Every structure is written in structure tokens, then in C-alpha cells.
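A.B. asks: Chains as they are written, first to last, in this note's numbering: chain A, 1 to 257; chain B, 258 to 399; chain C, 400 to 1160.
To start, I am sharing the structure in question, which I have written as C-alpha cells.
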Amino acid sequence: CAGEKDIDLTSYVQDIEPADTLYNQGLANLEAGRIKEAIAKFEAVDRQHPYSEYARKSMVMTAFANYRRGNYEDSINTAKRYVALYPSSEDAAYAQYIVGLGYYRQIRDVTQDQAEARRTVEAMDEVITRWPDSSYVEDAKAKKRFARDQLAGKEMQIGRYYLERREYVAAAKRFRNVVEVYSDTRHVEEALARLTETYYAMGLASEAQTAAAVLGHNYPDSQWYRDSYKLLQTGGLEPRENKGSWISKAGAVLLGT
Amino acid sequence: CTTASLTPSETLTQGYVIDEQALELVPVGSSREQVLLALGSPSTTATFDTEVFYYISQKRVRPVAFMNPKIVDQQVMAVYFNDEGRVDNIAHYGLKDGKVFDFVSRTTPTGGKDQSFVGQLFSGLSGGKPPAGGPFGNSGPN
Amino acid sequence: VQFATVASAEAAVVRSIEVRGNRRVDTATIREYVGIEPGKSFDPADINEAVKTLFGTGLFSDVRINQVGSTLVVEVDEYAIVNAVIFQGNKKVKDADLASAVQLKPRSTYSQAALDADIEAVRQAYSRVGREDATVSGRIMDLGENRVNVVFEIIEGGRTKITGVTFVGNNAFSDGRLRDVISTKQSNILSFLFRNDVYSEDRLRADEEALRRFYYNRGYADFRVISSSAELDEAQNQYSVTFTVEEGERYTFGDISIESTLEGVDAQSLNPQIDTRSGSVYSADNVEDTIIALTEEVVGRGYAFAQVTPRGNRNFESRTIDVAYSIDQGPRTYIERIEIRGNDRTRDYVIRREFDVSEGDAFNQVMIQRAKRRLDRLDYFQTVNISTVPGSQPDQVYLIIDVVEKPTGEFSVGAGYSTKSEATGTGGVSIEGSVSERNFLGRGQYIKVSAGGGKNSRDYSLSFTEPYFLGRRIAAGFDVYRQTRAYNDRYSSDTTGATIRLGLPITDSLTSQIAYNYSREEYELDDKCVDDPTTVVIENPCNIAPQILDAIVQSPWVKSSVSWTLLYNTLDDPKNPRDGLYSTFSVEYAGLGGDAEFVKLTGRGSYYHTLLEEQDVVGLVSIGAGHVVQTGGPLRLFDYFQNDTRMIRGFESSGIGPVATNGTDHLGGETYINASAEAQFPLPAVPESLGIKGAVFADAATLFGNDLAPLGTDMEWRASVGASLLWQSPFGPIRFDYAVPVVKEPTDQVQHFNFGVSTRF
């Protein structure tokens, strides 16, 4: 396989264009949706006029353009470099926000590693604490809530995995963790209902009742509360929902729904 | 090869390992620290009300490699503390106290990018629109 | 670096700030870093702070701040900025790899020290790919405005070869045998393909470890690697590697004892777990297997914290080692949480379900290692490493599982060749393309689609397997296939079929499988062989045996059967077995509807054993048998067993056994028995690194019993002897056999030479 061909050094001429024309060409490209060319222009500014005022502006624009194109790694790296170099400039808040968005877009399904969700929370926290009055705080909070919800979802998924195998100790630990650490997410209702199920299956009726009581107190009209209530009332004798025949369960597994 | 690999059945002891002598060290009235020292940290504690330590252990047998282990024995030891943090009484719950029922199969939906088959091939689709107010107020693209 | 001198100590105010010496960095940016504004008071500490921040940016080689009258003068000397880093003359190592190896990057600041360090880094990169004599020089191109390009000129030179790997002090094992143990190989014509003749320091260390392990497992407990050195002959650009070893005495096991401090566990009851028999040759692996077996047994009896530590003492005169296994209570730590990280594609439960240990359980090292072995066996991960981190309580611990996934999808195109069989016309060159994914959608499921064909055969297949059906360790799956064969253009067959299978592992080495198979075979006579309908006389122009003609006429045939198979496999290494047993037994009952009605029993056992340790001669004995019984109507022609090279070599496939009157069409038999003995040995002249071994073998087989066949239906033994070449080629194991039949029947069809890409169990 042929290596890259070498550059002919003698003819290497470094054409320097003024920073502002390059920058405005970048903006025009971005406006017209030609994002790839826009990035090329902004990077040319940064390379030909490093650490100049226009270089600073084009750095944040490169971060935004990369984000728009979906290559989040480059966008995050550029934005992080911007926040490090110009912490007190007026775009620092936006750059940090772009870092958070970059991770946010890469959050995976709960059955996979949630590293991106954790990083979204950290990045958005920076935006909220360091620039409390910036216009991005509102959306940063929303994204942070989603990321925390995702982390709680992962705890629940592992908790349900252990509950299904009737490993009650492990299941209780995971659901407890959601109730204590992620009580501000939507999963807390299900966590309390699962705790009721876990303790009841173990025979600790008193613990099951307390968990169901807390659930009923905070979420009186939640479907989870109705399930737990019914469980405790009937001593688990009546089915609370029909899950379909064994075949549909097997089918579900094979098709991976 | 060792003969062990021929006997198919396998027993697994899970959770807390009960140690009979240690139990004598925590009569009624002993303090919370004594219990922690003698029995170690509990499998789980009471979620909301007064302090209770639960030490839970399970014994399972897997008759053949492809089958799921079945619970054959389950011990829950509950150590109740009174208001001064002294052991009030110790209760034991066996396997028979456990209830067997179907867990609700409904789950709270979660988001996140799941790789559908097609997704696995074309990962890295371009991002959506950024929020209002680009870096330069109106002149930024939005 | 010189700090600012400040004229007056008390707070001062300036009316303006002047920046000098900056050519590229904007004055506004520098003012922002200084942070002192005109009209506001500041003190010497502020100035020092400003100097520190300016230096902190790494852009300036020197910073001087003085107050002159009412203006604050900030003087800076800028570093040169790297515009681009260019690599010239590199072919074997890509620009991107070199760029990541060097510190100087576009937009970073340039310094001579950084350049020198990078030149060394580039040379290192080349020595890692086995090019010690690459020469690297660096220079800069000034672009004005304090900006530079960094250029690395590289002359790659030739590949550094390894001429010889020699051993000093080894008399128990030959140099050749030891070369097979280590990974550093001598250069040979194929090394550009294998790339295993690149010298590296850590590969040498790993080889020392491999040698130690090899000797420790063969009784040499005192074995020591005295030195391992590699001299570089610059002129020839090649290394010669020498290992000096001291083997020491060969030990056997003395008396083996178990002591247990856990009451309720008596030592005698644990004897079956012992893998180290007194009198047998000392082996470190056996000791390790015993420790694992003992721990698993004791943990199974409820002592979750049990720990087994071996104590060996050597007896120099009798050259024996007594081993005492002491079982005691390990620390009572529990697993608080199992964190799985790095699974970007694999689902969490696919990893978690390989652990028999869960959160809240006792922490036991042996059980964790067992799970790690299972995860490695999944073959979804490049690396799996399990570490522990202290938990929230002193007796709690977090188990961290870091996995690095590897691509598990394969798109492969393969070419196969099997010797053409005159009788059936099958064989010859065939190509096959397949797409498979071992970890489909990260759910651990396996899916494969393949299509292939040769001059007169077409094969299509789709298969899917879910390893954990319904949460149990049951490998459920299905296969759908279509095969067309043309039998040297006399007649052709078209088979479509499907199987649904459930794999049930009984223990680690014993698994069984229940399957339902449905297949529909359709046979067709080629036009030129069809009788002319107008004439009454049947000319049978292609001279096809009447039995085959009947079968063709009555096609299509449907077979609907259920089968149960038992597989016992303890081979040490599937690709290159030296010890262990691989045996299968299966029963197939056909008759759930469809035309075929029979019970078919087949069995096969292959036992490998290293005969001569020193010369690495491996013996293989295998026996097989099969019998088919009709349960309803008469057996169909194609239900009978036909011979192939796995049954006996030296004869054509479907070339022996009951035969039709025309003496050429063999119709198969109800029963077959076959046996084979083989010895595999490394070829003296050929370097091991090519992976070629020789073998001599003797086969015997009989195939008899067929109601449809007039001749050759009684039990006659055939035998053949021969030699073969085995090659672990980069495309998979290839085998050439040359066999000469010594006992045969007149109607048998002989085939001396056979070549195929296959592993033989």
C-alpha cells in the first residue's frame, strides 16, 4: 500500500489571507449550510492568525459547526480548548454549553455504558454554576435532568435484572440507590414500587408496606402505586397484569423488543 | 482432568455469610457499633423508619449448567434497634416467609441512542439545530 | 525568565496600558490577561499575577511589566507558533500515526528541545515496526510573523530481520521445540505476512515468561532464564537472539496433603478435586487447576470466603515436591457494587450474566477469575480487566469491569478446494462469501448469512443463535439452507431445509443439543440422460444405476426428524491439539411426517495425546461408527451412509461399499465402522515459524448392509496407510493427505491424493 505522497517543500507557499475576510467567508458558508467549507475557513483563520481576536471567534464557530455536522468529539475538544484559553470572554458560557451538548447527543441506551450521560451532567453543571445568568442555563438544566434520568434508568435496568433472577439483596441495593440519589427523576416511582416487590418477595412485609406508603404519599395517583397497593392487598395472589403466553415472551426475547 | 467437572450440579451461596458464634456477641442491648464490628455491614438497612439492619443470605442449586439456579434456602436476619440505638430484638425470616408472585413487566421508558441494525452502519448522523441565540446574538446562525 | 521590577510598593493608578513586542497575539487579548484596567488601583501582587497568567498561556518566552509614569508598559517576546508538521519519506508508518507520536502540533509553540524529543519519538515509532536503522532529521521553515513549519525527513531503511534464535543450556528440549514455545520467530520467506519476526524488548520479556511456564509445567521446578539478549548487527541490519537457561532437575510430585482450618470441612472428602497425583510429573498448571477445583468445591459447601494456598517443599535427593494445600477463611469482604464500563455496544446484561457472583455476595477471587475466563471466551472484547476499589464500608468493595470491545462482525470471502470425486463429480474449486456478526446489536446473539458455489454446486445459508434463551444458559437458534449439487451432469439434487436447535450445556466440557430438522430434497435427471419417451426400451443412456433412477423418479422427498447430540470436548487447544478427547454421539429419529422413516445412530471419538515430549510427537487415535434402521417404509437411497475422507482416506467419496450392477454407482450402507491412528511430528528441516507439521497415519473402515444394492453388501474391511502435511496457514489450517489403500474391494474407487481446508477432529 502506497504511503501518502510527500509534499513538495520548495513550492510550499503559505498564502496568508486577512483574518476578517476568512472569518466572514466562514460565516457565509455556515449561513448557506455548507458547513464543511465553513469549518475549513474558520480553521484557516485559527492557523494563519493564531491567538488573534478573529482566531478566538472562529474557534467557537468551529466548535458550533462541528456540532452541527455531528462530529461531536472535534466539537467538544475545540470548545474545551476555547473555555481553557478564554475563560472570561463572553462566549465562554456558550462554548461550555456546546461541550455539554456534544456529550448529550452521544448518550447511549441504558443497557450500555453511560459515560456520556455522566459527562453531560458535569459539563452542564459547569454552565449552571459558572455562568448562572447566561441564556443557556435554562436548556442546560433540561439536558442535565435528562442525563440524570438516564443514569437513574441504568440503575433501574440493573435492578430489574437482579430482581428477575430473584437476587433480592442486589436488587434492593440498586432500587435504594435510585430512591436516595435520583429522587428528582421519573424513575423514583418505579423504584419505590420495585422496592415494595423486592421486600415483599423476601418476606419483609413491614419494609414493603413502608415503601408502598411513601410511594402512595408522594404519588397518590401513579399506576405504580396502584400496582403496589394491589400487591399488598391480595398478598400477591391475583395477577396484576397479564404478560401474554410463554410463546409471546419467548418471541419478545428473540426479536429483542 | 479433575473429576469435579463431571458432577453437573453446583451450589452457590449468595449474600451474607451467617457465622453462628458472631451471633452470640450481639445480645439484646448491645450497641450499633458492636453489631457492625461483630456481624459486619448489613446487606441493607431500613429505608425510612427507625434503624433496622438486615443480613440476607440465599443458597441456590443449579442442577445442570443450562438451568437457572433455584433458591433452596433463604435466611433474613433483622436486627431491630430502639431509639437509643441499642439492639431491641433480632428476628429471623426463612424461605417460607417469602412470597412468590409475578413482577410487573412494565418499565419506565428511557431515551438514549440505541443502535438499530441500520444505526450500527451509519453512526454519527449530523446533530440537530442549536438553541436560539448563537454566540453573537443576532448575527450568529440560528 | 525574569520577573517584573516594580518602582513603588503602594497601590498605584495608571491612565493607560501599552503593549509592546507582540507580533501575532492581539493587544486586546493580552490586555484581558493582564487584568489591570486604566483608572483602577492595583498593587505589585496584581502585576505578579498578570505576569504569571501571561506565562501560563505558554505563548510567550519572556514577559516584562513596568510602570513608566502613568502608563503600564507590558513587554512580551512571543514563542514561534507551529503552523504545520510535515513528514517526508515515510511509507511504512502513516503520517497520522507519526503525528500522534510527536509533541509538536499545529498551533502549539515551537522549541528546539521539543524538536529533539520528537526526532527521538519518530525513531522509536520505526523501531517498534522493526526498522532499527531508520534515520530521522528535523528542520524548521520560517514563514514570517514568528510562525514556522516543522519538517521531519525520514529514510526508512530495510526491515530489520532476526537471523537466529538460539538456546544455551537446554538439554531436556530441543532448540526447535523451544522456538515453538516463544513468540519471537526467525525471519523466513513468509514473515512479511505473519509479522512475527519484529524484535521488541517486551516481546522478549513475554518469551521468558512463556519459557518459564513451559518448563514449570513439565517438572522443571528449578528452571531459570539466566539471560536473554539480542545483538544488532548494524551492517546486515539483523538481530541474533540468544536465551541462556538453566533447566535444573526434573521433579515429580511427592505426597499431596490437604489441611483445613474450616471446621465442618474434612480434608479426605476433597480428594476427588486433586489434580496433582503423587508420582506424576510436577506441573504448575495442575497445582493451579487443583486450587480452583478445591476453592469451587468448598465455596459450594457454603464457605464463601474460603481461600486455598499451596505450600510446596522440595526434596532434593528424591527430586520430589510435596504439596500441601491449606484451606482457610479469607477476609470477610463483600461486593457492594459491580460497575461495568466501556461497553459501548455490548449490553450490560450480556456481561453481567457471566458472573455467578452478584452485588451483596462474598468477594472470592477464584469465582471472579472464572467469570473473567467466561468473558474472554465470548470473544467480544480485546481486553477484559477486573479491578477492585474500596467500597463505602471497610468490608465492602466495588468490582470494576473495564472492557475494550473489538469488532465482532466479519465479512469474509473464502476459496475452498476439495479433490474432485469421479464417482459423484462433486468437489473442485469453490468460493464462499459470508457476513457474520458474533455480538449482534450488542445482545450477544450470533447471526451469519453465507452464499457460495463451485462449478456444480451452490450453497446458501442463514443462521441465528441466542445464547441465553429465556434468561437461561440455553443456546437457541435456527438455520435455513439451500444446496444444489450436480453429479457429473447425470442428475442434480436441490435440497432446501431448516433446523431449530437448543444447545444445553451440562458442565463446562459436556454439552448436549436437541434439534428439529426439516429438509426437502428434489432430484432431476439431466435431459440427455432421459429416455426417449417414444421408444419402449429403456436405454438408460447415462448408465445410471436403477436404484438411483427410482429415487430420482420418486423425488421430491421430505425428511422431518428430531435429533439429540451429546458432545464431550476436553481438547487443550482446538487449532493445534496436543492432549484431550473430542467425542460426539447423536441419535436422529426421522418420521414426524415426511417420507423418511428411520432411526440413525452415529458416534465418533478422537483422543489426542503427546507421545514424545522432547520431539513434540502427538498421537491421535479416533474411532467412529454409525447405523441406520428403518422404522416405517423401506429406507430411501439417500438415507444410507456414504464414505468420505473423514471415514477413510485413500478412497473416493461415495467410492466404497454396496454397489449397483454397473459397478460404478455406490449406493451406501446401513452400517459403517471406522478407525484411524495417526502420529503428528514437526518436520526437522522446516523452520517452526512456518507452522508446517508432518504426519503418518493408518485408516481402516467398513461400510455394508443395503437392501437395494445387489453387490458388496457384506462386511468387508478396507485399510489404507499414508502420510500428510499439516499447515497452520494464515487462511486457516490446510491439510494435504497422500494415502495408499492396502486392503480394498475390486469395486472400490481409489483416490490417493486429497487436499482440503479443514480441521480434523
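Idealized CB from N, CA, C, for every residue including glycine.
This one's a predicted model, so the numbers in the text were calculated from it and none came from an experiment.
#1: Among A1084(C), N1042(C), G1090(C), which one has its Cα closest to the Cα of I1072(C)?
#2: Which residues, in order along the region 407-432 of chain C, keep a beta-carbon less than 8 Å from a beta-carbon of chain A?
#3: In the DSSP assignment, what residue or residues form a beta bridge with I739(C)?
#4: To which residues does DSSP link R422(C) through a beta bridge?
#5: Among E167(A), A142(A), K143(A), A171(A), whose alpha-carbon lies nearest the alpha-carbon of K154(A)?
#6: Could you spell out the range, first to last residue, of the alpha helix (DSSP H) harbouring T196(A)?
#7: If you draw a straight line from the C-alpha of V418(C) to the C-alpha of E90(A), how long is it?
#8: D747(C) versus chain A: which residues are under 9 Å apart at the beta carbon?
#9: How would you label E1013(C), buried or exposed, when you count the other beta carbons within 10 angstroms and need 16 or more for buried?
#10: Rounding to the nearest angstrom, what Cα-Cα distance links R1159(C) and A1076(C) in this structure?
#11: Who are V783(C)'s beta bridge partners in DSSP?
#12: Drop a sphere of 10 angstroms on the beta-carbon of L869(C), count the other beta-carbons inside from all chains shown, and report buried for 16 or more, exposed for fewer.
#13: Establish whether the CB of I313(B) and some CB of chain A are separated by less than 9 Å.
#14: Using the rule of at least 16 other Cβ atoms within 10 Å of the residue's Cβ for burial, across every protein chain shown, is R740(C) buried or exposed?
#15: Could you name the residues of chain C that N325(B) contacts, counting a contact when the two beta carbons are closer than 7 Å?
#16: Looking at C-alpha atoms only, which residue of R649(C), I554(C), N670(C) is the closest neighbour of S659(C)?
#17: Per DSSP, M124(A) forms a beta bridge with which residues?
#18: Given a limit of 7 Å on CB to CB distance, which residues of the region 784-797 of chain C reach chain B?
#19: Under a CB-based cut-off of 9 Å, is G993(C) close to chain B?
#20: Give the residues of chain B in contact with A186(A), contact being defined as C-beta atoms less than 7 Å apart.
#21: Measuring only between beta-carbons, confirm whether D775(C) sits less than 9 Å from chain B.
#22: Which full runs of the alpha helix (DSSP H) of 4+ residues lie inside the region 517-552 of chain C, going along the chain?
#23: Taking Cβ-Cβ distances shorter than 9 Å, what residues in chain B pair up with R731(C)?
#24: Could you round the C-beta distance between N1061(C) and N1153(C) to whole angstroms and report it? I think they count as a contact, below 8 Å.
#25: Identify whether L378(B) lies in helix, strand or coil by the three-state DSSP scheme.
#26: Checking 9 Å against the spacing of the C-beta atoms, do D606(C) and V580(C) come in under that value?
#27: Using C-beta distances below 7 Å, list every residue in its chain close to V624(C), excluding the 5 sequence neighbours before and after it, in chain order.
#28: Taking all protein chains shown into account, decide if P973(C) is buried (16 or more other Cβ within 10 angstroms of its Cβ) or exposed.
#29: Taking CB distances under 9 Å as the criterion, tell me whether S362(B) reaches chain C.
#30: Can you look up I554(C) in the DSSP assignment and give me helix, strand or coil?
#31: Within its chain, find whatever has a CB closer than 7 Å to the CB of S58(A); leave out the 5 residues flanking it on each side and keep chain order.
#32: With a cut-off of 8 Å, do at least 3 Cβ pairs link the region 955-966 of chain C to the region 912-919 of chain C?
#33: So that I know if they touch, is there some Cβ in chain A lying closer than 9 Å to that of T456(C)?
#34: Per DSSP, what kind of secondary structure is G979(C) in: helix, strand or coil?
#35: Three or more C-beta pairs under 8 Å: does that hold for the region 340-352 of chain B against the region 209-217 of chain A?
#36: Under 8 Å Cβ to Cβ from I720(C), same chain only, skipping five residues before and after it: list those, please.
C.D. replies: Checking against the coordinates, here is how it stands:
#1: Translated into the one-based positions of the third sequence, residue 1072(C) becomes position 673. The shortest C-alpha separation from I1072(C) is found at N1042(C).
#2: R423, V424, D425, A427, T428, E431
#3: Position 340 of the third sequence, counted from the start, is the residue given in the question as residue 739(C). Answer is I800(C), bridged to I739(C).
#4: Here residue 422(C) refers to the residue found at position 23 of the third sequence. BP columns for R422(C) are empty, so no partner.
#5: Looking up residue 154(A) in the first sequence gives position 154. Minimum Cα distance to K154(A) is reached at A171(A).
#6: In the first sequence, counting from the first residue as 1, residue 196(A) sits at position 196. Counted as a single uninterrupted DSSP element, the alpha helix (DSSP H) harbouring T196(A) occupies residues 187-202.
#7: To locate residue 418(C), count along the third sequence from 1; it is residue 19. To locate residue 90(A), count along the first sequence from 1; it is residue 90. Between V418(C) and E90(A), the C-alpha separation is close to 23 Å.
#8: Looking up residue 747(C) in the third sequence gives position 348. Under the 9 Å cutoff, chain A gives V110, T111, Q112, D113, K154, Q157, I158, Y161.
#9: Position 614 of the third sequence, counted from the start, is the residue given in the question as residue 1013(C). Around the Cβ of E1013(C), a 10 Å sphere holds fewer than 16 other Cβ atoms; the residue is exposed.
#10: Position 760 of the third sequence, counting from 1, holds the residue named residue 1159(C). Position 677 of the third sequence, counting from 1, holds the residue named residue 1076(C). Unreliable positioning characterises R1159(C) in this predicted model, as indicated by a pLDDT of 43, which lies under 50. The coordinate reading is nonetheless provided below. Whole-angstrom Cα-Cα distance: 13 Å.
#11: As a working note, residue 783(C) is residue 384 in the third sequence. For V783(C), which the question treats as bridged, DSSP gives the partners V802(C).
#12: Residue numbering aside, residue 869(C) sits at position 470 when the third sequence is read from its first letter. Taking a 10 Å sphere around the C-beta of L869(C), we find fewer than 16 other C-beta atoms and assign the residue as exposed.
#13: Here residue 313(B) is taken as the residue at index 56 of the second sequence, counted from 1. It does; some Cβ of chain A falls within 9 Å.
#14: Taking the third sequence and counting its residues from 1, one reaches residue 740(C) at position 341. Looking at its Cβ environment, which holds fewer than 16 other Cβ atoms inside 10 Å, R740(C) is exposed.
#15: Sequence index remark: in the second sequence, residue 325(B) carries index 68 (1-based). Those within 7 Å of N325(B) in chain C are G870, R871.
#16: Locating residue 659(C) in the third sequence gives position 260, where the first residue counts as 1. Relative to S659(C), the option among R649(C), I554(C), N670(C) whose CA is nearest is N670(C).
#17: Numbered from 1 along the first sequence, position 124 holds the residue referred to as residue 124(A). Answer by DSSP bridge pairing: none, since M124(A) is not bridged.
#18: Flagged, chain order: Q792, D794, Q795.
#19: By 1-based counting over the third sequence, the position of residue 993(C) is 594. Taking Cβ atoms only, chain B never reaches closer than 9 Å to G993(C), which makes this a no.
#20: In the first sequence, counting from the first residue as 1, residue 186(A) sits at position 186. Residue identity check: residue 186(A) is Arg in the sequence provided, not Ala. Going along chain B in sequence order, the residues near R186(A) (Cβ under 7 Å) are T365.
#21: Here residue 775(C) corresponds to residue number 376 of the third sequence, with the count starting at 1. No, its Cβ sits nowhere closer than 9 Å to a Cβ of chain B.
#22: none
#23: As a first step, residue 731(C) is located in the third sequence; it is residue number 332 there, counting from the start. In chain order: V274, D276, G297.
#24: Residue numbering aside, residue 1061(C) sits at position 662 when the third sequence is read from its first letter. Residue numbering aside, residue 1153(C) sits at position 754 when the third sequence is read from its first letter. 25 Å between Cβ atoms; not a contact.
#25: Counting from one through the second sequence, the residue named residue 378(B) turns up at place 121. Confidence is the limiting factor: at L378(B) the pLDDT is only 41, short of 50, which leaves the residue's position unreliable, though a coordinate-based value still follows. Here L378(B) sits in helix by DSSP.
#26: For the purposes of this step, residue 606(C) is identified with residue 207 of the third sequence, where counting begins at 1. For the purposes of this step, residue 580(C) is identified with residue 181 of the third sequence, where counting begins at 1. Yes, the pair counts as a contact, with Cβ atoms nearer than the cut-off.
#27: As a first step, residue 624(C) is located in the third sequence; it is residue number 225 there, counting from the start. Hits under 7 Å: E607, L610, R611, F642, V644.
#28: Translated into positions along the third sequence, residue 973(C) becomes position 574. With fewer than 16 other Cβ atoms within 10 Å, it is exposed.
#29: Working through the second sequence from its first residue, we reach residue 362(B) at position 105. By this cut-off, S362(B) is not an interface position.
#30: On the third sequence, position 155 is the one that residue 554(C) refers to. In the structure shown, I554(C) sits in a strand (DSSP, three-state: E or B).
#31: As a first step, residue 58(A) is located in the first sequence; it is residue number 58 there, counting from the start. So the list reads Y23, G26, F42, V45, D46, once near-sequence residues are dropped.
#32: yes
#33: Indexing the third sequence from 1 puts residue 456(C) at position 57. Chain A contact via Cβ: present.
#34: Taking the third sequence and counting its residues from 1, the one referred to as residue 979(C) is at position 580. It is a strand residue.
#35: Contact fails: fewer than three Cβ-Cβ distances are below 8 Å.
#36: Residue mapping note: residue 720(C) aligns to position 321 of the third sequence, counting from 1. Contacts found: A620, Y650, T651, F652, G653, Y681, G711, N712, R713, N714.
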